[in-house]
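**Student:**
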Amino acid sequence: SESVATLRALFSHSGFVGAEGWHAVDLCCGKSLTSALLSLDSEGPKAITAVDWRDPSGLPHHEEALARDRTQAEAAYAEVPVTYLQHDVLADDFLPTLQQRIEDVGRPTA
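Each step along the sequence shown adds one to the number in our numbering, with nothing skipped, and position 19 is 27.
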């Protein structure tokens, strides 16, 4: 899938990815599968922002994943919360809005 290929490429790259405390931005996230997979990785980012124009009601329930009982050995649970930014990437104010989000998080961003 696109998400798996993207994550393989991201984690094979040397640099700050894998370093403690980075921020992942999932642009045009669709159903945010890439963000959901990243949120399960204990060595992944410490902040995730999923960006798309669609209504968030059809997106995975990341908060429920975080609240899942971690004593269940077979259960997957999110290590990192995903923040959804509903915005049109073609809008005139998109870049300043994204820049503000990145500054608010205050971590190296990929």
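Beta carbons: idealized from backbone N, C-alpha and C, even for Gly. As the structure is a prediction and not an experimental result, all values here were calculated from the model.
#1: Kindly indicate which three-state DSSP category residue 55 falls into: helix, strand or coil?
#2: Exposed or buried, which one is residue 90 when buried takes at least 16 other CB atoms within 10 Å?
#3: Residues in the same chain with beta-carbon distance under 8 Å from residue 102, minus the five sequence neighbours each way, listed in chain order, please.
#4: Please look up how many angstroms separate the CB atoms of residue 56 and residue 46, rounded, as I've assumed it's under 8 Å.
#5: Where do the N-terminal and C-terminal ends of the alpha helix (DSSP H) with residue 88 fall, by residue?
#6: Would you list the one or two residues that DSSP bridges to residue 32?
**Tutor:** Reading from the atomic positions:
#1: As a working mapping, residue 55 is identified with position 47 in the sequence shown. Note: residue 55 maps to strand in three-state DSSP.
#2: Taking the first residue of the sequence shown as 1, we reach residue 90 at position 82. So residue 90 ends up on the buried side.
#3: Position 94 of the sequence shown holds residue 102. So the list reads 95 and 96, once near-sequence residues are dropped.
#4: Translated into positions along the sequence shown, residue 56 becomes position 48. Translated into positions along the sequence shown, residue 46 becomes position 38. Contact holds; Cβ gap of about 6 Å.
#5: Locating residue 88 in the sequence shown gives position 80, where the first residue counts as 1. Note, residue 88: premise wrong, no alpha helix (DSSP H); not H, not E.
#6: Locating residue 32 in the sequence shown gives position 24, where the first residue counts as 1. In DSSP, residue 32 forms a bridge with 56.
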